[in-house]
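K.L.:
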Amino acid sequence: MKKPWWVVLLLITPGFGFVLLLIGAVVSMAVAQSIGFYNFAGESQFSLEHWQQIINGDGSRRFWRAFRYSAYIASYSAILSVIIAYPIALWLRKPFKGSITLSAILKAPMLVHGLVAAFLMINVISYHGFINEFMIWSGLWDKPVRMQNDKLGIGVIFLQVWKQMPFALLLLSGSVQNLSDSVLDAAQDLGAGSIARFRKVVLPLTLQSLQAALILIFIGAAGDFSFQKVAGPTAENSMATLMIYVQTDVGDWNGAAVIAIMLMVLALFGSLAVAIVAKYVSRVATL
Amino acid sequence: MSIKLNKIFLYLFLGLAFIWLFVPFSMALLWSLVDPSVSWSYPDIFPKKLSLQRWFDMWETTSLSTAMLNSYSLAPLAALVTILLASPTAYAFAKIDFPGREVFKVLVLIPLVVPSFVIAIFFTSLLYSLHIYAKYPSILLGHVLLFMPYAVRILTVSFTQVNDDIVNAARDLGANPWAIFKVAYLPAIKPGILASLLIVFILSIEEFAVAFIVGSPDFTTIPTILYSFLGYNFIRSNAAVVSLVLVGPNVLLMLFLERLLQSANPQNVSGKG
């Protein structure tokens, strides 16, 4: 159907126009504050001082540490989620008795709020939590092991995978189910074992969903605040917790803006990098 | 895969699921039922005394009731406003050919890829620089922004499923616009409308970043009150009560949503078969 341009404009203004205007204003605000404008505490004028201070000056060690930490958490979460989701998606490709219950249970974490998930995990792994009590009761451990707020952020990665794996599963199941049986059968007839079939047939044909899953999980995990605050290592900051700290506790909106821009840069380029690596790996795998 | 191996895997996974869903939730339930007068501490395996006292205390002494009122009034409002604003865009995306449509369809998803705390902070500074300090409407506006992509996306699919033959037939038979809407549009888009209302409702109840940053320090919603019980003043039993309050209704709504999305499949609404 064709309509005059002004009708289209009128129709898309309240929804699309609203989103574009507001998100545009929010992102521009971050950019403007990072280069010295809208300074709530001092003089508002163009200056690169805030960039200088955060990424090069006194706070730079803290900043780059948070940057590396968020990149680390996001990459591991994205990669682990798809590694776990792939075999399950392939397994559930053909329905069998119990497969619907199973996929419902696997998707359940999507319904659980992140903060609740973090709280539940803390209950299970805390010093006198379920795992420690169980291991001591069964005699496998002599004394409780400290697992909460571990130094490597394993708790955070675990939570990310717990929460995001179902999402990867959803995306991968869709494309795995679209694989035609004849292609897989043909590969088998030509003598390909299950690993060869995965490498040479499944992986290249489902690459796009794999990349989509990696990108979305990476972006989500890079911007994480709640998991880090509740279950993360106490000595580390993620980009989001550092940004909130600089804005709330230090009261430096402009510095927080610099961190926000760098967080968006990390989310964008980091997720693309992971997707490109996935493509490269799948190329190598088909050789 | 052999049937036997399949069974073994199935039971293994169901066992794992038990550990990763049932154990944590029953622990939360137990913690929420611990009687305040007798503490549950090491080395007791189970609490010594159970009661609903915590639930009453939480309701009466903390701001949980205010938080629930805020959350449960924000969510339906956000859902309604979002659907009203999203529908014309979705109609245009689905039914009208215009240059750049595919690009616009992608651009409307931007709020999904900007980290939510970045949106929260600079939405706040935008409001400050415009001298807007009213928290409730600001959070409402923030939620509408964050969840518009979902509504536009779902409704676009629904509008695509409207059968033009039925629209034309109704018009040829002399139906007025309202009658055309009722026979041709409504049956196709109803599941989509319900689904987007529900999903925005659920996401709004769960939204943390905007409510936390824009609302700080005194405006509470259910997630922000949960955060306060997990952070500064960690009280396990209180956190357990709020967790259950947050998760319970949403799980029920989500299951309902799943049903709806299934019934939203094209065959059921295309008027065929």
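Respectively, the protein sequence lines represent chains A and B. Residues 1 to 287 in this note's numbering are what the first sequence lists, from first letter to last. Residues 1001 to 1273 in this note's numbering are what the second sequence lists, from first letter to last. Backbone N, C-alpha and C define an ideal beta-carbon position, used for all residues, glycine too.
So, helix, strand or coil for A/Leu-179, using DSSP?
P.N.:
Residue state, collapsed to three classes: coil.
K.L.:
Figure out for me which residue from B/Ile-1008, B/Lys-1007 and B/Ser-1138 has the closest Cα to the Cα of B/Ala-1078.
P.N.:
Nearest option by C-alpha distance: B/Ser-1138.
K.L.:
Quick one: which unbroken alpha helix (DSSP H) runs of 4-plus residues sit fully inside the stretch 1148-1204 of chain B? Chain order, please.
P.N.:
List check, alpha helix (DSSP H) in window: 1164-1172 and 1177-1180.
K.L.:
Nearest chain B C-beta to A/Tyr-245 closer than 8 Å, yes or no?
P.N.:
No - not a single Cβ of chain B is within 8 Å of the one on A/Tyr-245.
K.L.:
Rounded to whole angstroms, what is the Cα-Cα separation between B/Ile-1199 and B/Leu-1074?
P.N.:
When rounded, the distance between both Cα atoms is 14 Å.
K.L.:
Residues of chain A with CB closer than 8 Å to the CB of B/Asn-1250, please, in chain order.
P.N.:
Those are Leu-111 and His-113, listed as they occur along chain A.
K.L.:
When burial is assigned at 16 or more other CB atoms within 10 Å of the CB, is B/Pro-1024 buried or exposed?
P.N.:
Buried, by the Cβ-count rule.
K.L.:
So what's A/Leu-190 in DSSP terms, helix, strand or just coil?
P.N.:
Note: A/Leu-190 maps to coil in three-state DSSP.
K.L.:
Let me check one thing: in DSSP terms, what residues is B/Leu-1050 bridge-paired to?
P.N.:
B/Leu-1050 pairs with B/Val-1034.
K.L.:
Should A/Ala-278 and A/Leu-214 be called a contact, given that it needs their Cβ atoms to be closer than 8 Å?
P.N.:
Closer than 8 Å, so yes.
K.L.:
So A/Gly-366 and A/Ile-54 are in contact, right, with Cβ under 8 Å, and what is the actual spacing, rounded?
P.N.:
Outside the shown range of chain A (1 to 287) lies residue 366 of chain A, about which nothing can therefore be said.
K.L.:
For the stretch 1016-1028 of chain B, which residues have a beta carbon sitting closer than 8 Å to at least one beta carbon of chain A?
P.N.:
Those would be Ala-1017, Trp-1020, Leu-1021, Val-1023, Pro-1024, Phe-1025, Met-1027 and Ala-1028, in chain order.
K.L.:
Output, in sequence order along the chain, the residues in the stretch 13-24 of chain A whose CB is closer than 7 Å to any CB in chain B.
P.N.:
The stretch 13-24 of chain A vs chain B, Cβ under 7 Å: Pro-14, Gly-15, Phe-16, Phe-18, Val-19, Leu-20, Leu-22 and Ile-23.
K.L.:
Can you tell me where the alpha helix (DSSP H) with A/Trp-299 in it begins and where it stops?
P.N.:
Nothing can be reported for residue 299 of chain A, as the shown portion of chain A is limited to 1 through 287.
K.L.:
Starting from B/Leu-1012, trace the alpha helix (DSSP H) both ways and give me its first and last residue.
P.N.:
Taken as a continuous stretch (DSSP letters only), the alpha helix (DSSP H) holding B/Leu-1012 covers 1003-1017.
K.L.:
Would you mind sorting A/Lys-163 into buried or exposed? The rule is 16 or more other CB atoms within 10 Å of its CB.
P.N.:
Buried: at least 16 other Cβ atoms inside 10 Å.
K.L.:
How about B/Leu-1260: is its C-beta nearer than 8 Å to some C-beta of chain A?
P.N.:
With 8 Å as the cut-off, B/Leu-1260 does not count as an interface residue toward chain A.
K.L.:
Report yes if the CB atom of A/Ala-89 is closer than 8 Å to the CB atom of A/Leu-172, and no otherwise.
P.N.:
Taking 8 Å as the Cβ cut-off, A/Ala-89 and A/Leu-172 qualify as a contacting pair.
K.L.:
Let me confirm a value: A/Val-145 is counted as buried when at least 16 other C-beta atoms fall within 10 Å, else exposed. Which label applies?
P.N.:
A/Val-145 comes out exposed.
K.L.:
Does DSSP put B/Met-1058 in a helix, in a strand, or in coil?
P.N.:
Of the three classes helix, strand and coil, the one that applies to B/Met-1058 here is helix, per DSSP.
K.L.:
What residue from B/Ala-1067, B/Ser-1204 and B/Ala-1017 has the CA that sits closest to B/Leu-1253's CA?
P.N.:
The option with the nearest alpha carbon to B/Leu-1253 is B/Ser-1204.
K.L.:
At which residues does the alpha helix (DSSP H) containing B/Tyr-1227 begin and terminate?
P.N.:
Taken as a continuous stretch (DSSP letters only), the alpha helix (DSSP H) holding B/Tyr-1227 covers 1222-1230.
K.L.:
Please compile the residues from chain A whose C-beta is within a distance smaller than 7 Å of the C-beta of B/Met-1254.
P.N.:
Near B/Met-1254 (Cβ distances below 7 Å), the residues of chain A are Leu-111.
K.L.:
Kindly indicate which three-state DSSP category B/Asp-1040 falls into: helix, strand or coil?
P.N.:
A small correction: the amino acid at residue 1040 of chain B is Trp; Asp does not occupy that position in the sequence shown. Residue state, collapsed to three classes: coil.
K.L.:
Since B/Leu-1226 and B/Leu-1244 are thought to touch, with beta carbons under 8 Å apart, how far apart are those beta carbons, to the nearest angstrom?
P.N.:
The Cβ separation is near 10 Å, so there is no contact.
K.L.:
Does the contact criterion of 3 or more C-beta pairs under 8 Å hold for the stretch 71-81 of chain A versus the stretch 1179-1187 of chain B?
P.N.:
These segments do not touch.
K.L.:
Is the distance from the Cβ of B/Pro-1282 to the Cβ of A/Ala-104 below 8 Å?
P.N.:
This structure leaves residue 1282 of chain B out entirely; chain B is present only between 1001 and 1273.
K.L.:
Taking the beta carbon of A/Gly-193 as the centre, do at least 16 other beta carbons fall within 10 Å, making it buried, or is it exposed?
P.N.:
A/Gly-193 should be labelled exposed.
K.L.:
How would you call A/Asn-123, buried or exposed, if buried means at least 16 neighbouring beta carbons within 10 angstroms?
P.N.:
Buried: at least 16 other Cβ atoms inside 10 Å.
K.L.:
If contact means a Cβ-Cβ distance below 8 Å, which residues of the stretch 219-235 of chain A contact chain B?
P.N.:
Of all residues in the stretch 219-235 of chain A, Ile-219, Ala-222, Gly-223, Phe-225, Ser-226, Lys-229 and Val-230 have a Cβ within less than 8 Å of some Cβ in chain B.
K.L.:
Taking its Cβ as the centre, do 16 or more other Cβ atoms sit within 10 Å of B/Leu-1127, making it buried, or is it exposed?
P.N.:
By the 10 Å Cβ count, B/Leu-1127 comes out buried.
K.L.:
For A/Trp-253, return the contacting residues in chain B, with the cut-off set at a CB-CB distance below 7 Å.
P.N.:
Those within 7 Å of A/Trp-253 in chain B are Ser-1125.
K.L.:
Is B/Ala-1134 buried or exposed, if buried means 16 or more other CB atoms sit within 10 Å of its CB?
P.N.:
With fewer than 16 Cβ atoms within 10 Å of its Cβ, B/Ala-1134 is classed as exposed.
K.L.:
Within its chain, find whatever has a CB closer than 7 Å to the CB of B/Ile-1132; leave out the 5 residues flanking it on each side and keep chain order.
P.N.:
Taken in chain order, the residues that qualify are Ser-1138.
K.L.:
Give the C-beta separation of B/Leu-1010 and A/Leu-102 to the nearest angstrom, bearing in mind that I take them to be a contact with Cβ-Cβ under 8 Å.
P.N.:
The Cβ separation is near 7 Å, so the contact holds.
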